[in-house]
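Written below as structure tokens is the structure these notes are about.
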Amino acid sequence: MSTAPLLRCTGITKRFGGLVAVDDASLDVEAGSITGLIGPNGAGKTTFFTVIAGFAEPTAGSVSFKGRDITALPAHRRAELGVARTFQIVQPFAGLTVRENIAVGAYLRHPGRDAALDRAEDIARRLGLGPMLDQSAGDLTVAGRKRLEMARALATEPSLLLLDEVLAGLNPSEIRDMIPVVRAIRDSGVTILIVEHVMQAVMQLCDTVAVLAQGRMIAKGRPAEVASDPKVIEAYLGHGAAKRMQAQQGDSHA
Amino acid sequence: MKGGLFTSGYGPILIVVAILAVLPFGFSANTTLNFLGFVLIVTLAAQGWNLLAGYGGQFSFGHAAFFGMGAYGIALAQVRFGLNPWLALPLAIALGALTGTILGYLSFRARLRGSYFALVTLAFAEVFRILANASTFTGGAAGVLIPLRIEAANFQFADKRSFYWLALAFVAFALLLTQAIARSRFGAYLVAVRENEDAARALGVDALAVKLKAITLSGGITAAAGSLYAQKFLYIDANLAFGPWISVEALLAPIIGGIGTVFGPLAGAVLLLGLGEITKTFFTWLLGGAVPGIDLVVFGVLLILCVAFAPRGVLGLLWRILPAFRGGRA
Numbered sequence: 001m002s003t004a005p006l007l008r009c010t011g012i013t014k015r016f017g018g019l020v021a022v023d024d025a026s027l028d029v030e031a032g033s034i035t036g037l038i039g040p041n042g043a044g045k046t047t048f049f050t051v052i053a054g055f056a057e058p059t060a061g062s063v064s065f066k067g068r069d070i071t072a073l074p075a076h077r078r079a080e081l082g083v084a085r086t087f088q089i090v091q092p093f094a095g096l097t098v099r100e101n102i103a104v105g106a107y108l109r110h111p112g113r114d115a116a117l118d119r120a121e122d123i124a125r126r127l128g129l130g131p132m133l134d135q136s137a138g139d140l141t142v143a144g145r146k147r148l149e150m151a152r153a154l155a156t157e158p159s160l161l162l163l164d165e166v167l168a169g170l171n172p173s174e175i176r177d178m179i180p181v182v183r184a185i186r187d188s189g190v191t192i193l194i195v196e197h198v199m200q201a202v203m204q205l206c207d208t209v210a211v212l213a214q215g216r217m218i219a220k221g222r223p224a225e226v227a228s229d230p231k232v233i234e235a236y237l238g239h240g241a242a243k244r245m246q247a248q249q250g251d252s253h254a
Numbered sequence: 255m256k257g258g259l260f261t262s263g264y265g266p267i268l269i270v271v272a273i274l275a276v277l278p279f280g281f282s283a284n285t286t287l288n289f290l291g292f293v294l295i296v297t298l299a300a301q302g303w304n305l306l307a308g309y310g311g312q313f314s315f316g317h318a319a320f321f322g323m324g325a326y327g328i329a330l331a332q333v334r335f336g337l338n339p340w341l342a343l344p345l346a347i348a349l350g351a352l353t354g355t356i357l358g359y360l361s362f363r364a365r366l367r368g369s370y371f372a373l374v375t376l377a378f379a380e381v382f383r384i385l386a387n388a389s390t391f392t393g394g395a396a397g398v399l400i401p402l403r404i405e406a407a408n409f410q411f412a413d414k415r416s417f418y419w420l421a422l423a424f425v426a427f428a429l430l431l432t433q434a435i436a437r438s439r440f441g442a443y444l445v446a447v448r449e450n451e452d453a454a455r456a457l458g459v460d461a462l463a464v465k466l467k468a469i470t471l472s473g474g475i476t477a478a479a480g481s482l483y484a485q486k487f488l489y490i491d492a493n494l495a496f497g498p499w500i501s502v503e504a505l506l507a508p509i510i511g512g513i514g515t516v517f518g519p520l521a522g523a524v525l526l527l528g529l530g531e532i533t534k535t536f537f538t539w540l541l542g543g544a545v546p547g548i549d550l551v552v553f554g555v556l557l558i559l560c561v562a563f564a565p566r567g568v569l570g571l572l573w574r575i576l577p578a579f580r581g582g583r584a
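Here the protein sequences come in this chain order: A and B. Read in our numbering, the first sequence has 121 at position 121, and its numbers run on one by one without any break. Read in our numbering, the second sequence has 547 at position 293, and its numbers run on one by one without any break.
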């Protein structure tokens with residue numbers, strides 16, 4: 001593709017004191033795609049994510065969105081431009097109803113109360129939160145809260161949606177329910193970058209997967225390619241694991 | 255606009271204000287009118303606090319800073335600069351609002367939240383109190399006496415009811431303003447910041463701007479209460495204008511009435527000062543002399559009862575136990 005990607009992260013480095021959480025990581029997210037960001041625990045995924053969303057400033061590197069450098073913009077300005085995020089640890093406005101929660105997001109594009117509330121209702125229905133509109137957000141189940149996180153972010157009408165482990169903590173049937181929801185969001189024209197631990201979901205959903213390990217981007221490609229990449233297997237299972245696995249496979253074939 | 259006068263919440267405000275407006279025809283005694291006027295002043299100060307703390311979650315322990323700016327602003331403009339008090343009033347309100355902006359900018363920029371913010375506001379109020387007590391410009395410890403010249407054009411009324419209605423007009427305006435804010439985008443953002451600032455920022459809310467707007471409005475409203483106080487008693491000193499008593503009453507009234515609700519400050523002020531007055535009268539009758547501070551004991555007991563049994567205040571409690579109250583919400 002000759003056009004610039006929707007999101008381009010170049011050489012992102014983030015240090016916390018002596019710890020290098022993200023080390024010179026670059027990532028492009030093409031418009032219309034679902035891009036996955038995976039990696040073992042502590043790889044720096046969430047830090048990388050926080051930098052993209054504008055909640056942390058990178059030590060070095062730049063983030064550009066729709067060809068515009070947004071590295072210095074605060075989170076709320078990024079949301080105005082069309083970057084929305086969810087939180088790994090869900091952050092509902094617990095004292096408000098589901099409708100009011102989503103309306104806070106909807107107000108970004110619809111300053112009028114009636115319009116914002118109507119919009120919130122539409123989005124809630126789309127994400128299967130219709131029956132819970134007047135329930136307090138604090139009373140939702142974990143799955144409900146994850147949906148609420150997505151609904152609120154979608155209400156800001158983003159062109160890029162950053163999903164931070166929206167499937168974590170869900171049981172298998174809830175995950176099965178959620179996958180089509182994420183896909184439907186993409187089909188409605190929203191580009192998605194998803195950080196996820198649930199591999200089965202990553203394989204099913206993503207067009208492209210990038211792998212972060214110890215702060216470095218070690219692989220990128222189609223899900224199947226990445227899954228069989230020796231570097232990726234080693235990052236997850238330890239040094240030499242890829243060789244051992246190949247050897248075992250060799251043995252069993254012999 | 256969807257919904258009628260009642261579903262939008264403005265109807266009840268008009269009814270309550272109308273009832274309060276006809277009260278002076280029932281009580282003609284000056285002491286009652288004086289008391290009601292004072293209740294309205296505390297209500298107004300508390301409405302300012304409620305906007306910032308009840309809706310915005312930024313708990314101030316120093317609203318005396320704004321109250322005092324309003325009181326000293328209107329008093330000194332007359333005494334030092336010979337300004338007409340009607341002209342001085344908007345200036346005093348603006349001074350309170352500006353104090354709010356500055357105080358907010360300093361503390362919110364430094365990301366002060368919760369008890370840190372509360373302590374900083376308390377410190378500001380105390381510094382203002384000490385300065386006002388020391389400076390000759392503010393009349394030092396002797397305070398400021400506004401010369402008596404009873405004319406409506408001079409913001410001094412022969413008829414106590416006139417002052418009462420004026421104060422009521424301010425309270426009514428603050429009630430309507432609060433309701434309008436609660437139903438606006440700004441109100442939704444303010445509550446979102448209270449509930450979870452990070453989540454709000456992620457949704458495009460400029461948390462700093464929202465908080466600054468809230469503290470500016472809050473400072474202006476509470477300063478208006480201070481101005482009314484000065485014009486009612488025609489005398490202020492540092493302890494009256496910047497003293498902790500008003501910081502405490504401005505926060506107790508909404509907490510007891512119903513924090514973050516439109517009517518909370520009014521209900522709380524009526525209950526708080528009403529019970530305080532009854533207790534004082536009762537003990538004076540019982541012991542044959544006044545017991546200083548006995549009303550503060552009542553305030554303390556009320557606060558403890560509210561925290562333990564009615565975290566959403568008296569209005570929240572009524573809402574819970576009287577199903578009839580919920581009629582309007584279908």
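Just so you know, even glycine gets a beta-carbon here, dropped at the ideal spot from N, CA and C.
By the beta-carbon neighbour count (other beta carbons within 10 angstroms, threshold 16), Tyr-370 (chain B) is exposed.
Beta-bridge partners of Phe-16 (chain A) (DSSP): A:Leu-19. The Cβ-Cβ distance between Gly-105 (chain A) and Thr-50 (chain A) does not fall below 8 Å. If only uninterrupted alpha helix (DSSP H) runs of at least 4 residues are considered, those enclosed by the stretch 94-175 of chain A are 98-106, 113-126, 142-155. Taking the CA atoms as reference points, Leu-277 (chain B) sits about 18 Å from Glu-531 (chain B). Look at Phe-411 (chain B) here: in three-state DSSP terms it is coil, with no helix or strand label. Among the residues facing chain B, Pro-223 (chain A) is not included, as its CB has no counterpart in that chain under 8 Å away. Restricting attention to alpha helix (DSSP H) runs no shorter than 4 residues, the stretch 336-399 of chain B encloses them at 339-363, 368-388, ordered along the chain.
Interface flag for Val-459 (chain B) against chain A is set, since a Cβ pair is found closer than 8 Å.
With respect to chain A, the C-beta atom of Arg-363 (chain B) has no partner C-beta closer than 8 Å. In the DSSP assignment, Ala-564 (chain B) is bridged to no other residue. What Asn-450 (chain B) touches in chain A, judged by beta-carbon distance under 7 Å, is Gln-91, Phe-93, going in chain order. The residue among A:Ala-103, A:Ala-115, A:Gly-11, A:Ile-179 with its C-alpha nearest the C-alpha of Thr-71 (chain A) is A:Gly-11.
Boundaries of the alpha helix (DSSP H) harbouring Gly-518 (chain B): 518-541, taken from the DSSP string. Identification of chain A residues near Val-516 (chain B) by a Cβ-Cβ cut-off of 8 Å yields none; the smallest Cβ-Cβ distance measures about 16 Å. Around the Cβ of Asn-41 (chain A), a 10 Å sphere holds fewer than 16 other Cβ atoms; the residue is exposed. Taking the beta carbon of Glu-80 (chain A) as reference, the chain B residues within 8 Å of it are Gly-458, listed in sequence order. By the neighbour-count criterion, in which a residue is buried when 16 or more other Cβ atoms sit within 10 angstroms of its Cβ, Lys-146 (chain A) is buried. One finds nothing in chain B with a Cβ atom closer than 9 Å to the Cβ of His-239 (chain A); even the nearest lies about 38 Å away. A direct Cα-Cα distance of roughly 6 Å separates Val-98 (chain A) from Gln-135 (chain A). In chain A, no part has a C-beta under 7 Å from the C-beta of Arg-367 (chain B); the shortest such distance is about 15 Å.
Residue burial is scored here from C-beta neighbours: Ala-224 (chain A) has fewer than 16 other C-beta atoms within 10 angstroms and is therefore classed as exposed. Thr-432 (chain B) sits close to Leu-305 (chain B), with the two beta carbons spaced by under 8 Å. Here Leu-154 (chain A) is actually not in contact with Leu-163 (chain A); their C-beta atoms are around 11 Å apart, not less than 8 Å.
At a cut-off of 8 Å, the C-beta of Gly-105 (chain A) has a neighbouring C-beta in chain B. Pairwise C-beta distances place the stretch 353-364 of chain B out of contact with the stretch 410-420 of chain B, as fewer than three of them are shorter than 8 Å.
Between Asp-207 (chain A) and Thr-86 (chain A), the C-beta spacing is not below 8 Å.
Less than 8 Å separates the beta-carbon of Ser-501 (chain B) from that of Ala-318 (chain B). In this chain, the alpha helix (DSSP H) harbouring Lys-465 (chain B) covers 461-487.
Distance from the Cα of Ala-201 (chain A) is smallest, within the candidate group A:Thr-191, A:Asn-171, A:Leu-237, for A:Asn-171. Around Ala-331 (chain B), the same chain offers Leu-337, Pro-339, Leu-341, Ala-342, Leu-345, Ala-346 as residues with beta carbons nearer than 8 Å, after the five sequence neighbours per side are excluded. In the DSSP assignment, Leu-37 (chain A) forms a beta bridge with A:Val-195, A:Ala-210. Contact between Ala-477 (chain B) and Phe-315 (chain B) is absent: CB atoms are separated by about 17 Å, not below the 8 Å threshold. Residue-level contact check: Ser-438 (chain B) touches chain A, since one or more beta carbons of chain A fall below 8 Å from its beta carbon.
At the C-beta level, Ala-395 (chain B) and Phe-496 (chain B) stay beyond 8 Å of one another.
With the rule of 3 Cβ pairs closer than 8 Å, the stretch 49-68 of chain A does not count as touching the stretch 224-242 of chain A.
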